[in-house]
Amino acid sequence: MECPAGDKASRTSSPGRFSRFFTSIRERVVARVDTGASNRRTGAVASTAGAMAPRAARLGSSAVPISAALTTIAKSPAAVVYSESVQHRLEEYVNLLRGQEIENTVVVHVDEDARKDFQKLTLRDNWPLVYVKGDCVGGLEEVNKLVANGQLKSWFQEHQYDLIVIGGGSGGLAAAKEAARLGKKVACFDYVKPSTQDTTWGLGGTCVNVGCIPKKLMHQGALLGGSIKDAKKFGWKFPEGEITHNWKTMRDAINDHIAGLNWAYRVQLREKNVEYVNSYATFVGPHEVSGKNKKGVVTNYTATRFLVATGLRPKFDATIPGCKEYCISSDDIFSIKYSPGKTLCVGASYISLECAGFLKGIGLEVSVMVRSILLRGFDQQISEKIGKHMEAYGINFIRGCIPTKIEQLEPKTKTAPGRLLVHWVSIDAEGKKTEHSEEFNTVLYAIGREPQNVDVKTDVVDIELAKSGKIVARHEQTSVPWIYAIGDILEGKPELTPVAIQAGRVLARRIFQGNYELTEYDKVPTTVFTPLEYGCCGLSEEDAIKKYGQDNIIVYHGAFKPLEYVINEDRIENNHCYCKLICVRNQEERVVGYHILTPTAGEITQGFAIGLKLGAKKRDFDRLIGIHPTVAEQFTTLTLEKKEGEEELKVEGC
Amino acid sequence: MFARAARLVQQAAALPKRPLLDLANKQHGHLRNSKFLCYEAQRPLVFDVATTEEFEEHVLRSTIPVIVDFHADWCGPCKMLGPRLEQKVQGREGAVLMAKVNIDEAGDLADEFRVSAVPTVIGFQNGEVVAEFQGMIDDDQIDEFLDQVADVPAAEQ
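Protein chains in written order, with the working numbering: chain A, 74 to 727; chain B, 45 to 201.
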């Protein structure tokens, strides 16, 4: 039930009709949250007030529901939240805030259940809980710190903007637009520091410019090459001679599309009243950022709140000579104007494998150098199957090694990639070392991504960072209460565009409207766009075993041939497609892991993910009747149990 | 350079209005191939504009009507429309000029005129917007548009 008095609460100091009944501290506060209707725990209130007449306890002194509390807090300059069991220093808190000349501090009384909800929402243990301008600060200790360092004062100064977003990527833009939609004054700073090869790009972030979008388009470009071979078997006539691929045609078409997106985002920001500043922002004051653009023009803006959504950039290994100087990264591959030629992809990440995949698909010679396992963090059985498929696809894997040196034999020009000599050492089972070297035109480093904006942590704002350099947060709130973080820069959350977008929108609504919405970071479906795509949602088999125990897990699996590929016997995918469902025995075989290795895995996985989110059991998948003929229907008829030590599944007949 | 251009424009404006070149006339016929010169102000008929200052100088303060082609390198329709517009403008022999604005290079200008889709073509007369269109249009429509901008009376259309 909504508290109708949310607006009334803040401004007037109203002793009102009830004050003569109160002997508790509540009568001494500046303003109170009025309650429209009583909540469940009115009884408890009466007992605290001691000798309060029952009639007064019922009227206007009971705990408010959490929704009313949150909407009030969002609109109040300051708020102190307490419940029955944690109000012993309430007066001290209120006096402290009043002492800071914060008019209209609101005291919010919630019941014990709501208090637990507040704890989950804020991930804080200090009670009573203090909010300043809608941002949770913590307890007395935190408030005292803010008073001592003067930041509480600057928090209450006039600011130019309600929100400044730093980073115009998937998360930043979504949050900026949502906040503007809610009527807030928003500015968005976006600036791309050039890559190690001097590549830059426009507004939109990694996904749009050097991630998801160009990757998927090049993946598609490569797959079309395979479709042409299928087409011949289906009766299509092609002119004699080899069918070749032109890198520049593909690259230009994709980059034109991206430039169109950069422009569209600019227009969108303008139409939604978000000010776009193409400058690199750094904090110069607790509520102030300064940005310098390419022309050297400096912009200083102040805001009540900030959102850091600066994302990540490719890692290099500075200990390997030639690594940073001569190698390219995913920042560069999608926009280079000449074909990369014979390429070495260093790394076992999905970035390395996806790039290797489409480069091979368009006809280039490709090798992948991997230090240990493939796709760390993903299901290892499937990861190894991906490796096997890519080897059958014609990619050379160099396992168990990293480069020791990269030399330049011929520099790259405007029209050609040049020649590099890569050295590495392999160690066999007996420990014998062998030195190798091979010439490549291009070496693409994809060993991971890291934050590269250490200036977000300055003397002025002490934002807590994890060891990785990412930002530590309580539900996206950093250690500085008015600064939030979302997207890849956030520690411990999936590095995915839709996650950042969702987090941005939900956060904007939560802090500006005051509600209880939280982003759900679990059971996020995802897909690796290797030549044979891998879609998954939920736990890997290893994680499921760790969480529930080997005996409590039952895995149903199957191998299959996509019907579209049966005509072309050369299709290697026919021996590699696979799927499995990981179920928990003692939870009625609830499905906790979904995995499929197949063409168009991305499209298939999205739909099934809703089943996992709703807690589907194996029998629900069995009840579901399949669509025939498809690959996805496999999941409706899985009967084979995966047993330890058994042979690789072979595809059955039709 | 801008100061000089400004002076020229002022001078041109101060001169008595001369009739346009009559290229059918033997006297001016030899200029038929000088499609790139605007007789009155010694400026090319088609030129690039990259900054707000250039825009004010050559578009807003032009005594001759100017159409502004907001375009982008990555835009297919722009690449088709641009050359056709140029040809038509040159065919008007100085009655109307054409300014080209690349929206990626002159983002601020595009923002000022709230350009959202490209190509967007805006016609100016004495600093005022008199006509505008977006996207690809065919030759007849280009003619109509240029008539509107150059203020060609209906009878002569």
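Glycine residues also receive a C-beta, built at the ideal position from the N, C-alpha and C atoms. These numbers come from a predicted model, not from an experiment.
Residue i versus residue j - alpha carbon distance
{"i": "HIS360 (chain A)", "j": "ILE556 (chain A)", "result": "9 Å"}
{"i": "LYS690 (chain A)", "j": "GLY684 (chain A)", "result": "9 Å"}
{"i": "ASN424 (chain A)", "j": "HIS161 (chain A)", "result": "Inspection of the sequence shows that residue 424 (chain A) is occupied by Ile rather than by Asn. Going by the C-alpha atoms only, they are around 54 Å apart."}
{"i": "TRP497 (chain A)", "j": "LEU385 (chain A)", "result": "28 Å"}
{"i": "GLY608 (chain A)", "j": "VAL167 (chain A)", "result": "53 Å"}
{"i": "THR279 (chain A)", "j": "GLY242 (chain A)", "result": "7 Å"}
{"i": "PHE694 (chain A)", "j": "ASN659 (chain A)", "result": "17 Å"}
{"i": "THR96 (chain A)", "j": "VAL238 (chain A)", "result": "Note that THR96 (chain A) has pLDDT 36, beneath the 50 cutoff, so the model's placement of it is unreliable and the number below is only indicative. Cα to Cα, THR96 (chain A) sits roughly 47 Å from VAL238 (chain A)."}
{"i": "ALA175 (chain B)", "j": "GLN169 (chain B)", "result": "9 Å"}
{"i": "ILE574 (chain A)", "j": "ALA247 (chain A)", "result": "5 Å"}
{"i": "PRO150 (chain A)", "j": "LEU202 (chain A)", "result": "14 Å"}
{"i": "ASP186 (chain A)", "j": "TRP200 (chain A)", "result": "14 Å"}
{"i": "ALA617 (chain A)", "j": "CYS652 (chain A)", "result": "16 Å"}
{"i": "GLU512 (chain A)", "j": "GLY314 (chain A)", "result": "29 Å"}
{"i": "ASN346 (chain A)", "j": "ALA116 (chain B)", "result": "23 Å"}
{"i": "GLU676 (chain A)", "j": "VAL516 (chain A)", "result": "31 Å"}
{"i": "ALA117 (chain A)", "j": "ALA136 (chain A)", "result": "Only weak support is given to the placement of ALA117 (chain A): the predicted model assigns it a pLDDT of 33, under 50, and the value that follows is read from those uncertain coordinates. Distance between the alpha carbons of ALA117 (chain A) and ALA136 (chain A): 9 Å."}
{"i": "ALA249 (chain A)", "j": "GLU720 (chain A)", "result": "53 Å"}
{"i": "GLN192 (chain B)", "j": "GLY521 (chain A)", "result": "59 Å"}
{"i": "HIS462 (chain A)", "j": "PRO163 (chain B)", "result": "46 Å"}
{"i": "PRO121 (chain B)", "j": "VAL545 (chain A)", "result": "47 Å"}
Integer Cβ distance of residue i from residue j, believed to fall under 8 Å
{"i": "GLY211 (chain A)", "j": "ARG197 (chain A)", "result": "6 Å"}
{"i": "LYS132 (chain B)", "j": "ILE186 (chain B)", "result": "5 Å"}
{"i": "ILE562 (chain A)", "j": "ALA382 (chain A)", "result": "6 Å"}
{"i": "VAL665 (chain A)", "j": "LEU612 (chain A)", "result": "5 Å"}
{"i": "ILE139 (chain A)", "j": "ASP190 (chain A)", "result": "5 Å"}
{"i": "LYS478 (chain A)", "j": "ILE393 (chain A)", "result": "7 Å"}
{"i": "LEU190 (chain B)", "j": "LEU141 (chain B)", "result": "With 8 Å as the limit, LEU190 (chain B) and LEU141 (chain B) do not qualify as a contact, their Cβ atoms being about 11 Å apart."}
{"i": "LEU636 (chain A)", "j": "HIS649 (chain A)", "result": "Actually they do not touch by this definition, with Cβ atoms about 15 Å apart."}
{"i": "THR673 (chain A)", "j": "GLU606 (chain A)", "result": "7 Å"}
Cβ shell of residue i (< 6 Å), same chain only, five flanking positions each side left out
{"i": "ILE327 (chain A)", "result": "PRO287, LEU290"}
{"i": "SER422 (chain A)", "result": "ALA519"}
{"i": "ASN366 (chain A)", "result": "ASN351, SER352"}
{"i": "ASN469 (chain A)", "result": "SER440"}
{"i": "ALA489 (chain A)", "result": "TYR411"}
{"i": "GLU348 (chain A)", "result": "ALA260"}
{"i": "LEU255 (chain A)", "result": "PHE585"}
{"i": "LEU426 (chain A)", "result": "THR603"}
{"i": "TYR594 (chain A)", "result": "LYS566"}
Sequence-distant residues of the same chain with beta carbon closer than 8 Å to residue i, five excluded per side
{"i": "ASN641 (chain A)", "result": "LYS302, ASP303, LYS306"}
{"i": "ASP404 (chain A)", "result": "SER268, THR269, GLN270, THR272, VAL283, ARG386, PRO387"}
{"i": "LEU104 (chain B)", "result": "PHE168, GLY171"}
Counterpart residues of residue i in DSSP-defined beta bridges
{"i": "GLN481 (chain A)", "result": "A:LEU493"}
{"i": "LEU517 (chain A)", "result": "A:ILE401, A:CYS418"}
{"i": "ALA556 (chain A)", "result": "The sequence given here places Ile at residue 556 (chain A); Ala does not occur at that position. For ILE556 (chain A), which the question treats as bridged, DSSP gives the partners A:PHE379."}
{"i": "VAL362 (chain A)", "result": "A:PHE356, A:TYR374"}
{"i": "THR164 (chain B)", "result": "B:PHE114, B:GLN178"}
{"i": "GLN550 (chain A)", "result": "A:ARG547, A:TYR557"}
{"i": "MET442 (chain A)", "result": "A:VAL419, A:ILE471"}
{"i": "PHE11 (chain B)", "result": "Only positions 45 to 201 of chain B appear in this structure, which leaves residue 11 (chain B) out of reach."}
{"i": "ILE669 (chain A)", "result": "A:GLY608, A:CYS652"}
{"i": "GLU523 (chain A)", "result": "A:ARG386"}
Close beta carbons around residue i, own chain, < 7 Å, minus the five adjacent residues each side
{"i": "THR355 (chain A)", "result": "VAL362, SER363, ASP528, THR531"}
{"i": "ARG663 (chain A)", "result": "CYS656, VAL657, GLY688, LYS690"}
{"i": "GLN233 (chain A)", "result": "TYR374, THR375, ALA376"}
{"i": "CYS285 (chain A)", "result": "THR570"}
{"i": "VAL534 (chain A)", "result": "PHE356, PRO359, VAL553, ILE556"}
{"i": "ARG339 (chain A)", "result": "LEU276, TYR349"}
{"i": "ASP184 (chain B)", "result": "none"}
{"i": "GLN679 (chain A)", "result": "PRO598"}
{"i": "ILE736 (chain A)", "result": "In this structure chain A extends from 74 to 727, so residue 736 (chain A) is not present and cannot be described."}
Closer than 8 Å to chain E by CB, residue i
{"i": "ALA332 (chain A)", "result": "Absent from the structure: chain E. Protein chains present are A and B."}
Residues in the stretch 134 to 149 of chain B with C-beta within 9 Å of chain A's C-beta atoms, listed in sequence order? ILE147, ASP148
Which residues, in chain order, does the stretch 226 to 253 of chain A contribute to contact with chain B at a C-beta distance below 9 Å? none
Where the stretch 147 to 175 of chain B meets chain A: residues whose CB sits under 9 Å from a CB there: ILE147, ASP148, GLY151, ALA154, ASP155, ARG158, VAL159, SER160, ALA161, VAL162
Closer than 9 Å, Cβ to Cβ, to anything on chain A: give me those residues from the stretch 94 to 122 of chain B, in chain order. ALA116, ASP117, TRP118, CYS119, GLY120
Between the stretch 153 to 169 of chain A and chain B, which residues of the former have CB atoms less than 8 Å from a CB of the latter, in chain order? none
Please list the residues of the stretch 336 to 347 of chain A that have a C-beta atom closer than 8 Å to any C-beta atom in chain B, keeping them in chain order. TRP336, ARG339, VAL340, ARG343, GLU344
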